[in-house]
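Undergrad: Sequential numbering from 442 applies to the sequence shown in this note's numbering.
Glycine is no exception: its CB is placed at the ideal position from the N, C-alpha and C atoms.
The structure displayed is predicted, hence computed values, not measured ones.
What follows is a single structure, and I will ask about it in a moment.
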Amino acid sequence: MKLDITEELQDYLDAKGKVVLNACPGGGKTTAISQKIINLEEEYKTIYGSYSGIACISFTNAAKDELNLTYNQLCGRTLQYPHLISTIDSFINTFITLPFYYRLERNFARPQILESNERLDLFWKTKYRNRSGKLVDGLKNPMNSFKAKTNRSIYYQYQPSQIRLEPDGSYTVNGNAPSEEKVDLDVFEKYCKYIKGWQFEKGLITTNDSAFIALRLLRKNPSIGKWLSKRFPHIIIDEAQDNSLMQHQIFEELNNQGLANIEFIGDPYQSLYEFRDANPQLFLDKYNSEDYIGLDLSNNRRSPQRIIDCFSLLRPEAERTIKSACKTDLKEPLLVYRYKADDRGNIINHFEQYCSDKGYKKLKVVVRGNSVRNKMLGRDAQQRPWHNPIAYELIAAKIEYDDNNLKDAINIARNIIIRLENQDLSFSEFGHLRAELKTDFLFNAHIIKFVEGLPELSHTIEDWSNLCPTYIKKALNLNFDIDFEMKKTSRYFAKATRTEPVSAHFNRVDIDKTSSLTTVHQVKGKTLDAILIFFDEKNHASNINFRDLEPENGGFIKEKKRIIYVAMSRPKHLLAMAFPEKITEAQLKEKLGDAISIINPE
């Protein structure tokens, strides 16, 4: 790989101390980071010896893998000890929380990081017999002693999986204050303290808990920060626009305790993880602070200027400074579809055929989120025929397998099989076994064979409900029967549905080729040949619409506009967009320019 050293890039490669690099889409930040590591390796070996190195931390596994690949392409080697490329969660867990967890309390159990916070809710559920002798659902003690203002347990208002510790030690509900109309704040705090105390004692912690514990450990034990600053005297945080307040404070604490070189690399316009507490304003504050060296990468090597101008519609006019530095411009116009509600499948087929004719191999069709994707795949069925949730999990695994999403199919089925084959495991033991089996190739092969053999979804719901339990018992060699507990009738299960195929309610309906259909989060950081973005019909607050193609009136753009920005900035050659037909050609040309190519519904 040949590196084009611009003045902006050289400034970054030379910078040390506290650095913030604001990198535009296609600006080459991954290449810049990799080259900087290569440049510093020998120098740091001389200065710090063979046991101290550079830690490059990114937000996602995909970004971490891209850094490893780019490093290899630049120098032909794999990054070795004492240097490290890791995700931010793994770094915090491996170097702070897990090795020093015992310093919180001596009697705490060996910790494990939960893959799913929702599993915390299951521990408190139980069954008991009411006064009439009927077996009913209930809660274990002392959950019922923490009452909401409805006189029911707070558990039913704010489940344990939603309770979060904030950097100041306060408790929130997924980052929001509890409603005083629903709960007494003193009772809410006691409820939260009990839950978190129980979790920490059992060693069952969430990713957010781990970050809180890490921050607490650093503040109470400065020796940890001093040791870590010697182990990694230079830390580079990639995708830093997605860091939470807690994560920022962890690295600030390390800086206070002796970390000499710390870099925050990212693009606030590409921050998409508010559900993980991403706060791009914290990145901007550092970029604008006199305490940091603020640098830019503003040349886009990926896209031609017309694509850049399109996604720059979301930036204030004064900030539309990104220039194209791409070497190949195929002169593709912006492709704009106008669609009816029932012809989205036809539009996808047209787009894929167009790309095939042009030789574009890396292409994606993206939507706002998994709920919209599932709707387009026909997976938002209103019919709920079974009481037993395992039926829906098996259907999801089968659908993912049939859609060639093997990883998702395995992950879903793994939990099912472990639960069925190990019914006596405690919650904690289940988590440890699942983590152990995740990398067991023989067990994963067992999972694939199991999913592959599941009865086809073309069977009627009634037949499938009989065939599937029989298959499971035989395939897993179980000594007990499975009952999906089919409902008689209900609001979500019409009697006529019994004789209809499972696929009529739970499978894809209007798209034959689904491998290209994904969400924006899954293409973040990727370079594509072409992309098709679906804009929503309804003007719901969470939907992306035609009217969103502009900057905010005041302040930084909200996440749903950043989602559009990320999607539009992926392609090298073709940017295609699909709008509902109520958006007129005149409106489209006024917003996007006269050079667009419009394809109307037939």
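Quick one: Cα of Phe987 to Cα of Glu758, how far?
TA: Computed Cα separation, rounded: 19 Å.
Undergrad: What does the alpha-carbon distance come out to for the pair Lys477 and Arg657?
TA: The alpha-carbon atoms of Lys477 and Arg657 are separated by roughly 32 Å.
Undergrad: By the three-class DSSP mapping on this structure, what secondary structure does Asp784 have?
TA: Asp784 falls in the coil class under three-state DSSP.
Undergrad: My output table needs one value for His887: the three-state DSSP class, helix, strand or coil.
TA: His887: helix per DSSP, three-state reduction.
Undergrad: Could you name the residues of the same chain whose beta carbon sits closer than 6 Å to that of Ile1040, not counting the 5 residues immediately before and after it, in chain order?
TA: Result list for Ile1040: Tyr778, in chain order.
Undergrad: Helix, strand or coil for Ile748, going by three-state DSSP, please let me know.
TA: Reduced to three states, the DSSP call for Ile748 is helix.
Undergrad: Using 8 Å for Cβ pairs, my map puts Pro942 next to His981. What's the rounded Cβ distance?
TA: So it is not a contact: roughly 31 Å between Cβ atoms.
Undergrad: Let me know if Thr940 comes out buried or exposed under the rule of 16 or more other beta-carbons within 10 Å of its beta-carbon.
TA: Exposed, since its Cβ has fewer than 16 Cβ neighbours within 10 Å.
Undergrad: If you compare alpha carbons, which of Arg1003, Asn585, Leu835 is closest to Ser983?
TA: Residue Arg1003 is the option with its Cα nearest to Ser983.
Undergrad: Among Thr648, Lys457, Phe587, Pro608, which has the Cα closest to the Cα of Glu630?
TA: The residue with the shortest Cα to Cα distance from Glu630 is Phe587.
Undergrad: Quick one: using the 10 Å Cβ neighbour count with 16 as the cut-off for buried, is Thr535 buried or exposed?
TA: Classification for Thr535: exposed.
Undergrad: Tell me whether Pro601 sits in a helix, a strand or coil according to DSSP, three-state version.
TA: Residue state, collapsed to three classes: helix.
Undergrad: Using 8 Å as the cut-off, can you tell me whether the region 524 to 531 makes contact with the region 486 to 496, which would need three or more C-beta pairs spanning the two stretches below that distance?
TA: Touching, yes.
Undergrad: Who are Gln640's beta bridge partners in DSSP?
TA: Note: Gln640 sits in no beta bridge, so no partner.
Undergrad: In terms of residue numbering, what span does the alpha helix (DSSP H) encompassing Met687 cover?
TA: Met687 -> alpha helix (DSSP H) spans 686 to 697.
Undergrad: For the 8 Å Cβ check, are there 3 or more pairs between the region 966 to 978 and the region 796 to 807?
TA: In short, these stretches touch, since the Cβ pair count reaches three.
Undergrad: With DSSP run on the structure shown, which of helix, strand or coil describes Ile446?
TA: In the structure shown, Ile446 sits in coil (DSSP, three-state: anything other than H, G, I, E or B).
Undergrad: In chain order, what residues of the same chain lie with their CB nearer than 6 Å to the CB of Thr538, ignoring the 5 residues before and after it?
TA: For Thr538, where only same-chain residues beyond five positions count, the Cβ hits under 6 Å are Ser651, Ile654, Ala655.
Undergrad: Quick test of the definition: if touching needs 3 or more C-beta pairs under 8 Å, does the region 661 to 669 touch the region 461 to 474?
TA: The answer is no - the region 461 to 474 does not touch the region 661 to 669, with fewer than three Cβ pairs under 8 Å.
Undergrad: Just to check my reading of the structure: Phe500 and Glu680 have Cβ atoms closer than 8 Å, yes? What is that Cβ distance to the nearest angstrom?
TA: Contact holds; Cβ gap of about 4 Å.
Undergrad: With 16 as the cutoff for other CB atoms within 10 Å, does Asn863 come out buried or exposed?
TA: Exposed, because fewer than 16 other Cβ atoms sit within 10 Å of the Cβ of Asn863.
Undergrad: Touching or not, the region 1021 to 1036 and the region 1004 to 1013, by the rule of three or more beta carbon pairs under 8 Å?
TA: They do not touch, by the three-pair rule.
Undergrad: Following the continuous beta strand (DSSP E) through Phe1020, name the residue where it begins and the one where it ends.
TA: Taken as a continuous stretch (DSSP letters only), the beta strand (DSSP E) holding Phe1020 covers 1012 to 1021.
Undergrad: Ordered along the chain, which non-local residues of its own chain (more than five positions away) have a Cβ less than 6 Å from that of Thr648?
TA: So the qualifying residues of the chain are Asp530.
Undergrad: What's the C-alpha gap between Asn845 and Asn907?
TA: The alpha-carbon atoms of Asn845 and Asn907 are separated by roughly 26 Å.
Undergrad: Go to Ile488, then tell me how far its alpha helix (DSSP H) extends in each direction, as first and last residue.
TA: From DSSP, the alpha helix (DSSP H) with Ile488 extends over 470 to 489.
Undergrad: Quick check: what's the CA-CA separation for Leu481 versus Ile691?
TA: Looking at the two C-alpha atoms, the distance is approximately 24 Å.
Undergrad: By DSSP's criteria, Gly494 is part of a beta bridge. Which residues make up the other side?
TA: DSSP output for Gly494 lists no bridge partner at all.
Undergrad: Using three-state DSSP, classify Trp827 as helix, strand or coil.
TA: Three-state result, Trp827: strand.
Undergrad: According to the neighbour-count rule (16 or more other Cβ atoms, all chains shown, within 10 Å of its Cβ), is Met582 buried or exposed?
TA: According to the sequence shown, residue 582 is Asn rather than Met. That one is exposed.
Undergrad: Bridge partners of Ser739, per DSSP?
TA: Answer by DSSP bridge pairing: none, since Ser739 is not bridged.
Undergrad: Could you pull out every residue in the same chain whose Cβ sits closer than 7 Å to the Cβ of Lys1001, ignoring the five residues on either side in sequence?
TA: Excluding residues within five positions, the ones whose Cβ falls inside 7 Å are Ser983, Ile985, Asp989.
Undergrad: Can you tell me which of the three DSSP states Phe976 falls into?
TA: If DSSP states are grouped into helix, strand and coil, Phe976 belongs with coil.
Undergrad: Taking DSSP as the reference, what is the three-state secondary structure of Ala945?
TA: In this structure, Ala945 counts as helix in the three-state DSSP scheme.
Undergrad: Using only CA atoms, which one of Thr471, Asn548, Asn502 lies nearest to Thr511?
TA: Closest option to Thr511, Cα to Cα, is Thr471.
Undergrad: Kindly identify the DSSP beta-bridge partner or partners of Glu704.
TA: Answer is Val460, Ile677, bridged to Glu704.
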